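There are 6 protein chains.
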Amino acid sequence: MGANTMNGSPTEASTARGGDVLAALPQHLVQQKVAEALAEDLGLAGDLTSQAIFSTTDQMKAEIVARAPCVVAGLALASAAFRQYDSSVETVQHVEDGARVPAGTVLMTLQGKARSLLGAERVALNFLGQLSGVATLTARFVDAVAGLPAQICCTRKTVPGLRALQKYAVRAGGGVNHRFGLFDAVLIKDNHIAAVGNLTRAIAQAKAQAGHLVKIEVEVDRLDQLSVALESGIDAVLLDNMDIKTLRQAVAMVRAAAAPIICEASGGITLDNVKAVAQTGVDLISVGALTHSAPCVDLGLDCVIDHR
Amino acid sequence: MGANTMNGSPTEASTARGGDVLAALPQHLVQQKVAEALAEDLGLAGDLTSQAIFSTTDQMKAEIVARAPCVVAGLALASAAFRQYDSSVETVQHVEDGARVPAGTVLMTLQGKARSLLGAERVALNFLGQLSGVATLTARFVDAVAGLPAQICCTRKTVPGLRALQKYAVRAGGGVNHRFGLFDAVLIKDNHIAAVGNLTRAIAQAKAQAGHLVKIEVEVDRLDQLSVALESGIDAVLLDNMDIKTLRQAVAMVRAAAAPIICEASGGITLDNVKAVAQTGVDLISVGALTHSAPCVDLGLDCVIDHR
Amino acid sequence: MGANTMNGSPTEASTARGGDVLAALPQHLVQQKVAEALAEDLGLAGDLTSQAIFSTTDQMKAEIVARAPCVVAGLALASAAFRQYDSSVETVQHVEDGARVPAGTVLMTLQGKARSLLGAERVALNFLGQLSGVATLTARFVDAVAGLPAQICCTRKTVPGLRALQKYAVRAGGGVNHRFGLFDAVLIKDNHIAAVGNLTRAIAQAKAQAGHLVKIEVEVDRLDQLSVALESGIDAVLLDNMDIKTLRQAVAMVRAAAAPIICEASGGITLDNVKAVAQTGVDLISVGALTHSAPCVDLGLDCVIDHR
Amino acid sequence: MGANTMNGSPTEASTARGGDVLAALPQHLVQQKVAEALAEDLGLAGDLTSQAIFSTTDQMKAEIVARAPCVVAGLALASAAFRQYDSSVETVQHVEDGARVPAGTVLMTLQGKARSLLGAERVALNFLGQLSGVATLTARFVDAVAGLPAQICCTRKTVPGLRALQKYAVRAGGGVNHRFGLFDAVLIKDNHIAAVGNLTRAIAQAKAQAGHLVKIEVEVDRLDQLSVALESGIDAVLLDNMDIKTLRQAVAMVRAAAAPIICEASGGITLDNVKAVAQTGVDLISVGALTHSAPCVDLGLDCVIDHR
Amino acid sequence: MGANTMNGSPTEASTARGGDVLAALPQHLVQQKVAEALAEDLGLAGDLTSQAIFSTTDQMKAEIVARAPCVVAGLALASAAFRQYDSSVETVQHVEDGARVPAGTVLMTLQGKARSLLGAERVALNFLGQLSGVATLTARFVDAVAGLPAQICCTRKTVPGLRALQKYAVRAGGGVNHRFGLFDAVLIKDNHIAAVGNLTRAIAQAKAQAGHLVKIEVEVDRLDQLSVALESGIDAVLLDNMDIKTLRQAVAMVRAAAAPIICEASGGITLDNVKAVAQTGVDLISVGALTHSAPCVDLGLDCVIDHR
Amino acid sequence: MGANTMNGSPTEASTARGGDVLAALPQHLVQQKVAEALAEDLGLAGDLTSQAIFSTTDQMKAEIVARAPCVVAGLALASAAFRQYDSSVETVQHVEDGARVPAGTVLMTLQGKARSLLGAERVALNFLGQLSGVATLTARFVDAVAGLPAQICCTRKTVPGLRALQKYAVRAGGGVNHRFGLFDAVLIKDNHIAAVGNLTRAIAQAKAQAGHLVKIEVEVDRLDQLSVALESGIDAVLLDNMDIKTLRQAVAMVRAAAAPIICEASGGITLDNVKAVAQTGVDLISVGALTHSAPCVDLGLDCVIDHR
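Residue numbers (this note's numbering), protein chains in the order written: chain A, 20 to 327; chain B, 20 to 327; chain C, 20 to 327; chain D, 20 to 327; chain E, 20 to 327; chain F, 20 to 327.
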């Protein structure tokens, strides 16, 4: 990760998006996903190591520290991991999700039984590292198009079971969300068109069947397809795998349409080419890698020795 | 991914490890994880697009194709996704998990209702892409130490909810598994030692408490700690974040011990330095990135148009 | 139910909407809801009566018969109830969901163990009766606006746990679906406006935050609110509790807007006034009663005595 | 609903049955059903509207108001909906389940975050409206037989998944409960008799097999069947679809039996004929409509603007 | 276990109760309990031993053999364990639940993959051993009262999670079932009476509140209490911890009552005293040990070597 | 149970193993198992008896008393049963798990609503009785080998669903745990050897496949097998069904091996022969009966009448 996009002193840490947006993570999913992850790590026998080494009363203080600059996401899950494991653990959160922090930032302080802190550590760090990874990669794309109108958007290429959490992390990184699933919008893709054999008919059927609050987007990879789509009256177009020149033409065609239509680019977007794509004037740039390939952020839990 | 490590024609595809090893993925986890992922993508309304566009009888044939060279893992999950969605879908698997395949390889052929193939496509590809990503990254590390005795090993730094599947993918890539959780071995880490303040005592307690079929490993980052650990009689040492020279000394100390002790290196292992680490003579090299940061493999589902 | 809207001989039975639309009921929900209902009815001891009276080999043939004219919905659930209970039960379905049938129509024939038919009977009939009730009430509203452009639409006022099934039944009755939940569209209602104190700001924030595939609808009950909403640029308006005259004015205002905006009427809609509402030219008429107060359709399972 | 049976000022509100009876709703079912309903309404993305419009700190005060006279049932579920969604919401309950209240009665006051009140509103109202609907319809039948010894009783014709809650609502309305499922009593019905071909044998087998704490009831629709049943020694008879005259004869036959036998009437019971049925002297009148067709009670959540 | 009560050759094996009674085990509980037990034994890593030793194609034939005389119960669970683990395993059942078999009897033959037979072996044997243990202990009590009218009955003192299965095993052993839970009958026990302070009032309230298909039993340990109970009109009495002489007096008092009342003895019942208790004329003798302390039956899975 | 091993006054009660060891029961399993058991006992209707007899405000004080000398295990489950049922119940625990107590000891005092104490009583006692049964039987075996180095060990012959709880109870009784499942160690048993036909090969494959933290144990029943196993280099041997003389020879062979190998005896171990087995010098003696056949401890809940 480029230190330049993420560095700054802790006091400079700023929130990529307001906490109000980020609060939209359904609380029941937080509790459910943490419970599943704890069960996965603890099995039937629990934490053999801590149980052997610590007494039930040994206390400990610890910090979760970012070992690399990052955008934070998932603090509520980290906290829930410790507190589901042992409700007497005290957690103090020092930043908010969406904060951009330099390496060395203390994200959370924990106090409680040594058994509890070290028993829930890995689950907490796994969530926080994965989600901060998504937020951080998102922020790098967001930074790369700074000043341009395009927004960075995620896809349905998510890690199975973590979709809602990952989409939240995209927001934490300054991105926006695409569909949450097959259920909340129509997106007519290349395979649909290939299988049905006729774009006009596909769009007509979608418009006839979709509920009045369901938007319709069509994926096209050629300008002639785009013409057809624009004539059919849709809400958004996904311009897939077009080169910059074609993209620019496509945007012009869309802007020439009577009704306002959202223009989304996708396919082979990288940190190297995303700015050029944004400069074509598209509204959205969707990047599967945000959720399918974001590297985990390096975080650690450090035992705090009290030398008083 | 370096094409050099993965290329070859489809006919050259070989299995990194025998299918017997790979078969060890508990079947109930396959069904459960696929069911959760389908529910996540379908919600209450199902696949709005396919339902609008296709009739219930429209048929389709499709292929899952690797768009990049990779080591395959997760075919059973991809197949289960289609067949849980619609048990009348026919799936034919053309390679086995663990196969190294070049870009363009057809991994699986599907035949059935258009609604079913496109409704379950994303869930199938998400599993297959994530797990093949883990297998592929593992294989690159395995290749990097080819000819040396060291094995490549995973950690507990896994994606929440996918641990068993990811550990399976590590095996598919030619790696070996470390602990599955806190419950199946003792690993005394830096924080345990810091909190308890005394390595000798920590080991003694672990040996006193652990069941007779539980092995004990100790993480050390200094040679003096290693001396203490070796005197206490343990099953394995985790040499953490040591430079190559120190690692070599550590291995020598371990080999000089009376009993055979497993020697594991970890911390900051990359494709660039893994060979040097392996040359120190360690038995195992554990790499968190295998499961926390493996990029997804690019796969696609291609509609097959039958022109007969 | 008015026999006039539903009567006709069995051979005249027609499907209100095509089976393609109706097939959109996610199969995993069917199996899950049926499993829960069977567990609810069987408890730990199972069917005390049938177990006492029938031997394990006693066979039976039975029919599910509509005792009143109705629009059928939920046949897949009825069939699943018998077959989850005992996979050897044979079910033959004589009509499709969406069929309008007169009293006396045999909907399904069953053959199998007497224990199995009578053990799963009530669960099957409860699903079929409830969902056919929704479809039948919907069809009565649909009939009442026949020839007019307005569509009949459901709401989120559903029976807890049955939302997806009830929304399916609305489609079976010829209606269309509104939002499936809080998650798939924005609907700014009176309480949101009251709490935020400013309609323009509420709409602006919704437009800023909502994803590009999320539509925005605003509920208004006065024409001055409607003016504000139309100026703010939204996708749909919900005209709540307006009298016919005001509704007509509202429709005119909406039609005068530059962009096409969906016009939905709601509030106090009954079979008596729905036609007048439709004549105002609204696109949609939403009726909470379709899902919160539809009376169950009277169905019976009749034992067929074979006199050969 | 007849205003005459339900009206009165709030201060006249009285509880149909004591709170002691009503407390019998298993608490784990309350929490489980509310959790399922919240998940159904919130999906992966949560409440898009409130999240967009309100900040995380916006506060709100609101009231749940009965818009029609009714008998209340389900307040614990409404409260649980808000508090599962956000444990900081304060709920104050102004009446008890079982209370008969006029239109306009404030049932519950709520204070907390605007996001939380409007996010859980619909789930709370759906439970409260459905269960109050059951209680209110029950109370109308109870009122119709006031002064007569017959009790109003529910059946197993319940909404799948809500049986325990609906049976509780029947009690809240002054009714009594029949079997909770197939597992807690034997009820030999017409289909059992038809299938087994011999009522005497069916009863004999039931008596031989049923546990000593399991009662046996037999459904008959003819007096000759009743004679057979009475001779066989049973605990209760269900007189199904008999006209008033036949019912009266049946009651006389039952009363003439040596042992006390419960006399239940069922089949085609309406508010119009229930009194006549009760006057035949039966002990119980069971009405499927109480749980399969009770219309939802009209309730609203009103935002309270504080004008101090 | 006394060989005398259980011996006989395999060909003499007889079924304690008809298969019709035993079929009453709800199938969904069988599948659910087996799934939970398999997950418990397999964890995330599966069967490490079989996966290491056998190839995926190694076949095996095996038998489940009773190593001690017993009454069999739970064959369906054993079979389900193998077939859930691997649906290609073939199981042949040689006896029926309820069969009394001598040591050495082959209960089931299995053929399939070695991995599957040895992977599911322990779960299958644990169910079969536990339930056959319950059936066998029950049969010993049943045998001890042979020729006397008393039936042997279980209690709610069951192993958590296995109540339905254990109650089924009691029936397989020739016993009968008491209440399945707190929900299907009223049993007023010593603590209820102590807490409410007045037996007459307790019975009166129970009679007033209980549904018309709910029976009422009262536990008494003194004859004066019994008098009160009999006057109050109840369905059954539980004579707790009475000596034989008192029991006889109690039975006489019960038989002198106008209505037939079930007479149950309990408390300190052993194989040594159960016949004397039965000779007092009680209808039922309930024995908690049947389900809380039945020793597991010794069963084994023997690998069958085919020497052809 | 021999009173001699368990008696003593309450003040002499001592803890068999330290609380630190016993604390290793994963908390989420406690809550989950208690929830399942409460649902099992309460069904849809709840506690019919207490609901009928007590008002919602009737208070009660009660004690859980050991009616026989025992080693206590499961107090957290008993407490959780009351508090899940009604969080206002106050529980005071008078001993710790692992305490050896004489008959008459008050283990726990409870205060709260009469409905809540008597509604959760049976679930609490069932857990506490079952687990104390396991602990008590374990302690008897532990006592029988007092002064000898052998430890008493459990097996996988556990009650389905209760494995983690039973293994905890074994520790409470002073025993140690064997494998928790098929997933945490390799144990090559007679059937594996029979099926694979070659012990040396089986061990070689296990060593090649097992992770570096997985121990390997081999079951042998003959000395020639033991020789083979010792040559292959394993971590532990299970000496199955050997007579005392053979056992002694086996131990000598194991001790003569170069590396330290754990020596476990199993098969037909009883309280009568366990001392002789221990005297052979084995490290561990595993006893299936600890978890498959431990009789339940007799406990009671006594209503405390306050006579102040």
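Note that CB positions come from ideal geometry on N, CA and C, so glycine has one too.
Nothing here was measured: the structure is a model prediction, and the numbers come from that model.
Original post:
Which stretch, first to last residue, makes up the alpha helix (DSSP H) that contains residue 316 of chain E?
Top reply: Counting along the chain, residue 316 of chain E falls outside any alpha helix (DSSP H), and DSSP gives it neither H nor E.
**OP:** Would you mind reading off the limits of the beta strand (DSSP E) that contains residue 110 of chain E?
**Re:** 109-112
Original post:
Is the number of C-beta pairs between the region 41-60 of chain D and the region 276-289 of chain D that are closer than 8 Å three or more?
Top reply: no
Original post:
Does the Cβ of residue 242 of chain C have 16 or more other Cβ atoms within 10 Å, making it buried, or fewer, making it exposed?
Top reply: exposed
Original post:
Counting along the chain, where does the beta strand (DSSP E) carrying residue 126 of chain C start and finish?
Top reply: 125-132
Subject >> Per DSSP, the bridge partner or partners of residue 236 of chain C >> reply: C:206, C:255
Subject >> Limits of the beta strand (DSSP E) - the one that residue 303 of chain B falls within >> reply: 303-305
Original post:
When Cβ atoms are compared, which residues of the region 163-184 of chain C fall closer than 7 Å to chain B?
Top reply: 182, 183
Original post:
Relative to chain D, which residues along the region 196-213 of chain E have a C-beta separation below 8 Å, given in chain order?
Top reply: 196, 197, 198, 199, 202, 203, 204, 206
**OP:** Identify each residue in the region 270-300 of chain C for which the Cβ-Cβ distance to at least one residue of chain D is less than 7 Å, and report them in chain order.
**Re:** none
Subject >> Cβ pair count under 8 Å reaching 3, the region 57-68 of chain E against the region 196-210 of chain F >> reply: yes
Subject >> Buried/exposed call for residue 217 of chain F, threshold 16 Cβ in 10 Å >> reply: exposed
Subject >> Short CB-CB distance (under 8 Å) between residue 113 of chain C and chain D >> reply: no
Original post:
Nearest chain E C-beta to residue 186 of chain F closer than 8 Å, yes or no?
Top reply: no
**OP:** Spatial neighbours of residue 300 of chain B within its chain, please: CB distance less than 7 Å, with the 5 preceding and 5 following residues excluded, ordered by chain position.
**Re:** 270
Original post:
Going straight from the alpha carbon of residue 153 of chain E to that of residue 315 of chain E, what length do you get?
Top reply: 8 Å
Subject >> Nearest to residue 302 of chain B (by Cα), restricted to the options B:169, B:288, B:124, B:147 >> reply: B:169
Subject >> Residues that residue 230 of chain A contacts on chain C, provided the C-beta gap is smaller than 7 Å >> reply: 195, 196, 197
**OP:** Closer than 7 Å, Cβ to Cβ, to anything on chain B: give me those residues from the region 109-142 of chain F, in chain order.
**Re:** none
**OP:** For residue 221 of chain D, collect the residues of the same chain with a Cβ closer than 7 Å to its Cβ; drop the 5 residues on either side in sequence, then sort them by chain order.
**Re:** 207, 211, 212, 215
Subject >> Three-state class that DSSP yields for residue 176 of chain C in the structure shown >> reply: coil
**OP:** Could you pull out every residue in the same chain whose Cβ sits closer than 6 Å to the Cβ of residue 259 of chain D, ignoring the five residues on either side in sequence?
**Re:** 238, 240, 285, 286
Subject >> Separation of residue 293 of chain E from residue 159 of chain E, as counted between CA atoms >> reply: 10 Å
Original post:
Straight-line CA distance for residue 117 of chain B to residue 297 of chain B?
Top reply: 23 Å
Subject >> Top-ranked residue by Cα proximity to residue 109 of chain A, from A:124, A:91, A:81 >> reply: A:81
Subject >> Cα-Cα separation, residue 257 of chain A to residue 282 of chain A >> reply: 6 Å
Original post:
By the criterion of Cβ-Cβ separation under 7 Å, what are the contact partners of residue 58 of chain F in chain D?
Top reply: 47
**OP:** Answer with buried or exposed for residue 165 of chain A, where buried requires no fewer than 16 other C-beta atoms within 10 angstroms of its C-beta.
**Re:** exposed
Original post:
If you draw a straight line from the alpha carbon of residue 209 of chain E to that of residue 137 of chain F, how long is it in whole angstroms?
Top reply: 11 Å
Original post:
Do residue 97 of chain C and residue 143 of chain C have their C-beta atoms within less than 8 Å of each other?
Top reply: yes
**OP:** Would you mind stating whether residue 180 of chain C and residue 181 of chain D have Cβ atoms separated by less than 8 Å?
**Re:** yes
Original post:
If you draw a straight line from the alpha carbon of residue 188 of chain A to that of residue 175 of chain A, how long is it in whole angstroms?
Top reply: 14 Å
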